[in-house]
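Before any comments, here is the structure.
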Amino acid sequence: MSDLALTLIRLGFLALLWIGIFAIVGVLSRDLRAPREARPAGSAPAEGEAHRNTQPRAAKPAKPRRGAPRTLVVTEGALAGTVVPLGTAPVTLGRASDSTLVLDDDYASNHHARLYQHDSKWIVEDLGSTNGTWIERTRITAPTVLPNNVPLKVGRSTMELRK
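For the sequence shown, counting from 1, position 14 maps to 13 in numbering that gives the first Met the number 0; every step adds exactly one.
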């Protein structure tokens, strides 16, 4: 092989390495940034809009079955004491503004976990969070039934289903 061909192969390999590094940095920077809501060009955020919404959006309450939990209660964390009424719609947990319960927590992901009802039981599903979703002291890796009055830990926040 000639010196010219060997030099071109080395330069090509070096270029591929740098492309890979830039791709990794781009993906990491997108993952670390919080999603931003679209605004018309030239408009500034309204006063108070820069702060996140601290009131959770509640699903439309449905007629609860006997023994079924009616609320999700935050027991520990920045939102301790917050009560989210449960209905038939899924409840999303995370830092993103489109979450049902918006968590002000550096250890929670933007879209951290989802609670949904299936066969009159509430199921919790981790949405690929960085720090995991925990039921009692067990990290969940698949959709798992969440019993009443059992601690669900998302970041630094702990919550329970209650009647």
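All C-beta atoms, glycine included, are put in the ideal place defined by N, C-alpha and C.
In DSSP terms, what residue i is bridged to
i: residue 100; result: 92
i: residue 17; result: In the DSSP output, where bridge partners are listed per residue, residue 17 has none listed.
i: residue 140; result: For residue 140, which the question treats as bridged, DSSP gives no partner whatsoever.
i: residue 158; result: 73 and 151
i: residue 23; result: Note: residue 23 sits in no beta bridge, so no partner.
Contact under 8 Å by Cβ, residue i with residue j
i: residue 68; j: residue 162; result: yes
i: residue 70; j: residue 83; result: yes
i: residue 95; j: residue 154; result: no
i: residue 164; j: residue 139; result: No statement about residue 164 is possible, as the shown extent of the chain runs from 0 to 162 and does not include it.
From the options, residue whose alpha carbon lies closest to that of residue i
i: residue 114; options: 143, 136 and 95; result: 143
i: residue 156; options: 24, 21, 72 and 10; result: 72
i: residue 158; options: 119, 112 and 140; result: 112
i: residue 160; options: 27, 28 and 123; result: 123
i: residue 146; options: 17, 119 and 128; result: 119
i: residue 130; options: 97, 98 and 93; result: 93
8 Å contact criterion, which residue i and residue j should meet: CB distance rounded
i: residue 204; j: residue 110; result: Missing from the structure shown is residue 204; the chain here goes from 0 to 162 and no further.
i: residue 81; j: residue 116; result: Between residue 116 and residue 81 the Cβ distance is about 20 Å, and since that is not below 8 Å, they are no contact.
Does the stretch 89–109 touch the stretch 72–79, meaning 3 or more C-beta pairs lie closer than 8 Å?
yes
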